[in-house]
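Before any comments, here is the structure.
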Amino acid sequence: MITILAQAGGSFFRHRSNKPSCVEDNGICPSWAIHHLDRYWPRLWEHVQLVLISTVIGFAIAFALALLAHRRRWLVPPITNVTGILYTIPSVAAFFLLLPITGRGTLTAVIALASYTLLIFFRNIIDGLDGVPAEAVDAGRGMGFTDRQLLWRVELPLAIPTILAGLRIALTTTVGLAALAFFAGAGGLGEALNSQKEFQTNVIVAGGMCVVLAAVLDASVLLGQRLLTPWSKARSPA
Amino acid sequence: MTPVASVGGQFHAALDFIFHERTGPGGAQVGGSQLWSLIATHLELTFAAVGIAIAVALPLGLWLGHTRRGSFVAVTVANIGRAVPSIGLVFLFFAILGAGFSNITLALVLLAIPPILTNTYTGMREVDREVVDAARGMGMRGTRIISQVELPLALPLIFGGIRISTVNVIATATLGPFGGVVTLGDPIINPSSYGDAGRLGAAIVVAAFAVVAEVALSAVQRAVTPRGLKVGGRNARRQARFIPKRRAQPAP
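Protein sequences appear in the order of chains B and X.
Residue 153 in the working numbering sits at position 86 of the first sequence; the count goes up by one each step and never skips.
Residue 161 in the working numbering sits at position 174 of the second sequence; the count goes up by one each step and never skips.
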């Protein structure tokens, strides 16, 4: 009888002093999250690096491919198909397919994530260049622009909104996929998720950071678009 | 970089794992025909999740697109859907609801809904208003306009959404073992009982499934495209303009 009372009292007081009991009950504990936030910053920083490095490399490769295919149209279908297959291969599988070749680490993760962005960038750059009004190109030619000048001064500036729409999709997608990079031994927020996957607060904090990071990157591209193309109002990609 | 011979050896061992059963490092029989049960669970999970997602997202997308409202909902769902990491969703459902087939299915359903919903909505939205007006002028009403005019014209985009979701779910079902569902991800997540060859072998099988699903569903997508929208048809010019619209498809 006394032990039952003591147990009841114990559990009652555990519930009253809510900090330890919340974690024990595997609840959603804001105070725990605030006190342990510092353990997430290094993972978030790794995540940001993974996303930015992969996106920059992916963009550079896709940009070169798109410029090549812009003049040689027959290249568009084969490049779309190859990048399409890279896009289709699940990233977890891609990490382990690359593992025997590049080993565990950031390199493997970056290759897989960058190859994933190729299709998005390639398609949007080609679409953007195709969407340039013929009159603008004709006017450029009339001004005596060479092909190169036409590309850099007329076609690419007019394609910026479409290209940046692709950048927004690529960034948000890569933020989500980089959460799997811990499989390749590259850390990131996925590592934090995986380290305590039964603990709701941890999953919500680490997952929430992914969502916030995606939103911040998306908003900064939108802002950059307004600054880069003052002649057009920023349009939503969807 | 590892020497070429060693890389080839590892891939050879992985293929051997796929085709021949053996005793794994954990003592259990793995590989070869033992893979069938993993494949079956993987496909079961995929079909359940995509099926439920279609049942939820398709009617909603058709209705929103037909009435041409709720663009805010469709765009928001697409953007949030892209940003939420798939693994976070799986862990969240595992942390809140616990392990189990139905809990993981639910997580995958949430993952599969955004592409289908947005593509259905966009497909319906982008049906030429004049076509709908013509149908109305012929005396068609609500449901007949949807089923005989708008739906056929929106089918390519709808199947595009189903394709994206299916490939995405096949990829994410790999994380099933985190929630106690033994899919093809088991050799990847628990390499101690399968060995390195098993892990690489499972990665190859998962990649193959995703690519096959993508190719097959692309073929279905082309097959359901109305003749008037196909390349080289009378509306070849419209088809050329149709390609940029693929931007509207949310990338998983």
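We put the CB at the ideal spot given by N, CA and C, even for glycine.
Inter-residue spacing [alpha-carbon to alpha-carbon] between residue i and residue j
{"i": "residue 140 of chain B", "j": "residue 146 of chain B", "result": "10 angstroms"}
{"i": "residue 71 of chain X", "j": "residue 243 of chain B", "result": "6 angstroms"}
{"i": "residue 66 of chain X", "j": "residue 192 of chain B", "result": "21 angstroms"}
{"i": "residue 90 of chain B", "j": "residue 290 of chain B", "result": "40 angstroms"}
{"i": "residue 121 of chain X", "j": "residue 146 of chain X", "result": "25 angstroms"}
{"i": "residue 109 of chain B", "j": "residue 164 of chain B", "result": "27 angstroms"}
{"i": "residue 98 of chain X", "j": "residue 276 of chain B", "result": "18 angstroms"}
{"i": "residue -8 of chain X", "j": "residue 257 of chain B", "result": "33 angstroms"}
{"i": "residue 148 of chain B", "j": "residue 204 of chain X", "result": "14 angstroms"}
{"i": "residue 68 of chain X", "j": "residue 177 of chain B", "result": "23 angstroms"}
{"i": "residue 104 of chain B", "j": "residue 266 of chain B", "result": "15 angstroms"}
{"i": "residue -2 of chain X", "j": "residue 126 of chain B", "result": "30 angstroms"}
{"i": "residue 273 of chain B", "j": "residue 115 of chain B", "result": "13 angstroms"}
{"i": "residue 223 of chain B", "j": "residue 97 of chain B", "result": "47 angstroms"}
{"i": "residue 111 of chain B", "j": "residue 255 of chain B", "result": "6 angstroms"}
{"i": "residue 80 of chain B", "j": "residue 154 of chain X", "result": "For residue 80 of chain B, the predicted model reports a pLDDT of 44, less than 50, meaning its position is unreliable and no value from the coordinates is stated."}
{"i": "residue 270 of chain X", "j": "residue 136 of chain B", "result": "Only positions -12 to 239 of chain X appear in the structure, and residue 270 of chain X is not among them; the question remains open."}
{"i": "residue 201 of chain X", "j": "residue 268 of chain B", "result": "36 angstroms"}
{"i": "residue 206 of chain B", "j": "residue 132 of chain B", "result": "26 angstroms"}
{"i": "residue 214 of chain X", "j": "residue 119 of chain X", "result": "18 angstroms"}
{"i": "residue 270 of chain B", "j": "residue 116 of chain X", "result": "45 angstroms"}
Check: residue i C-beta below 7 angstroms from any heavy atom of the ligand ADP
{"i": "residue 120 of chain X", "result": "In the structure on display, the ligand ADP does not appear, and there are no ligands present to speak of."}
Residue i, DSSP secondary structure in three states
{"i": "residue 293 of chain B", "result": "helix"}
{"i": "residue 263 of chain B", "result": "coil"}
{"i": "residue 212 of chain X", "result": "coil"}
{"i": "residue 23 of chain B", "result": "Outside the displayed span of chain B (68 to 305) sits residue 23 of chain B, for which this structure offers no information."}
{"i": "residue 9 of chain X", "result": "strand"}
{"i": "residue 17 of chain X", "result": "strand"}
{"i": "residue 173 of chain X", "result": "helix"}
{"i": "residue 220 of chain B", "result": "helix"}
{"i": "residue 90 of chain X", "result": "helix"}
{"i": "residue 157 of chain B", "result": "coil"}
{"i": "residue 113 of chain X", "result": "coil"}
{"i": "residue 105 of chain B", "result": "helix"}
{"i": "residue 72 of chain X", "result": "coil"}
{"i": "residue 253 of chain B", "result": "coil"}
{"i": "residue 126 of chain X", "result": "coil"}
Beta-carbon proximity list for residue i, same chain, < 7 angstroms, skipping 5 on both sides
{"i": "residue 44 of chain X", "result": "100, 103, 104, 107"}
{"i": "residue 168 of chain X", "result": "28, 32, 88, 91"}
{"i": "residue 161 of chain X", "result": "170, 171, 172, 175, 193"}
{"i": "residue 4 of chain X", "result": "18, 184, 185, 188"}
{"i": "residue 179 of chain X", "result": "12, 13"}
{"i": "residue 86 of chain X", "result": "166, 167"}
{"i": "residue 225 of chain B", "result": "199, 203"}
{"i": "residue 197 of chain X", "result": "154, 157, 158"}
{"i": "residue 194 of chain B", "result": "229"}
{"i": "residue 252 of chain B", "result": "171, 172"}
Chain B residues whose Cβ lies nearer than 9 angstroms to that of residue i
{"i": "residue 73 of chain X", "result": "243, 244, 246, 247"}
{"i": "residue 121 of chain X", "result": "None at all; the shortest Cβ gap to chain B is about 28 angstroms."}
Where residue i falls, given that 16 or more other Cβ within 10 Å makes a residue buried
{"i": "residue 195 of chain X", "result": "exposed"}
{"i": "residue 150 of chain X", "result": "buried"}
{"i": "residue 261 of chain B", "result": "buried"}
{"i": "residue 118 of chain B", "result": "buried"}
{"i": "residue 125 of chain X", "result": "exposed"}
{"i": "residue 129 of chain B", "result": "buried"}
{"i": "residue 133 of chain X", "result": "buried"}
{"i": "residue 8 of chain X", "result": "exposed"}
{"i": "residue 83 of chain X", "result": "exposed"}
{"i": "residue 287 of chain B", "result": "exposed"}
{"i": "residue 111 of chain X", "result": "buried"}
Under 9 angstroms by beta carbon: chain X residues contacting residue i
{"i": "residue 173 of chain B", "result": "The contacting residues do not exist; residue 173 of chain B stays about 15 angstroms from chain X at best."}
{"i": "residue 122 of chain B", "result": "Result: empty, since nearest Cβ-Cβ is about 13 angstroms, beyond 9 angstroms."}
Chain-ordered neighbours of residue i on chain X, where CB pairs are closer than 8 angstroms
{"i": "residue 277 of chain B", "result": "70, 71, 72, 75"}
{"i": "residue 282 of chain B", "result": "70"}
{"i": "residue 167 of chain B", "result": "-11, -7, -6, -3, -2, 187"}
{"i": "residue 239 of chain B", "result": "66, 69, 70"}
Same chain, Cβ closer than 6 angstroms to residue i, neighbours up to 5 away in sequence not counted
{"i": "residue 142 of chain X", "result": "211"}
{"i": "residue 187 of chain B", "result": "233, 236, 237"}
{"i": "residue 73 of chain X", "result": "98, 159"}
{"i": "residue 201 of chain B", "result": "none"}
Residue i: contacting residues in chain X (beta-carbon distance under 7 angstroms)
{"i": "residue 163 of chain B", "result": "175, 186, 187, 190"}
{"i": "residue 155 of chain B", "result": "154, 197, 198, 201"}
{"i": "residue 260 of chain B", "result": "74, 75, 78"}
Proximal residues of chain B, C-beta to C-beta of residue i below 8 angstroms
{"i": "residue 79 of chain X", "result": "267, 270, 271, 274"}
{"i": "residue 161 of chain X", "result": "157, 159, 160"}
{"i": "residue 157 of chain X", "result": "157"}
Close Cβ partners of residue i (< 8 angstroms) along its chain, the five nearest in sequence each way excluded
{"i": "residue 71 of chain B", "result": "Bear in mind that a pLDDT of 46 at residue 71 of chain B, under 50, signals an unreliable position, so the number given afterwards is only what the model happens to contain. Around residue 71 of chain B: no qualifying Cβ."}
{"i": "residue 78 of chain X", "result": "165"}
{"i": "residue 216 of chain B", "result": "207"}
Listed by chain order, chain B residues near residue i by CB distance under 7 angstroms
{"i": "residue 165 of chain X", "result": "264"}
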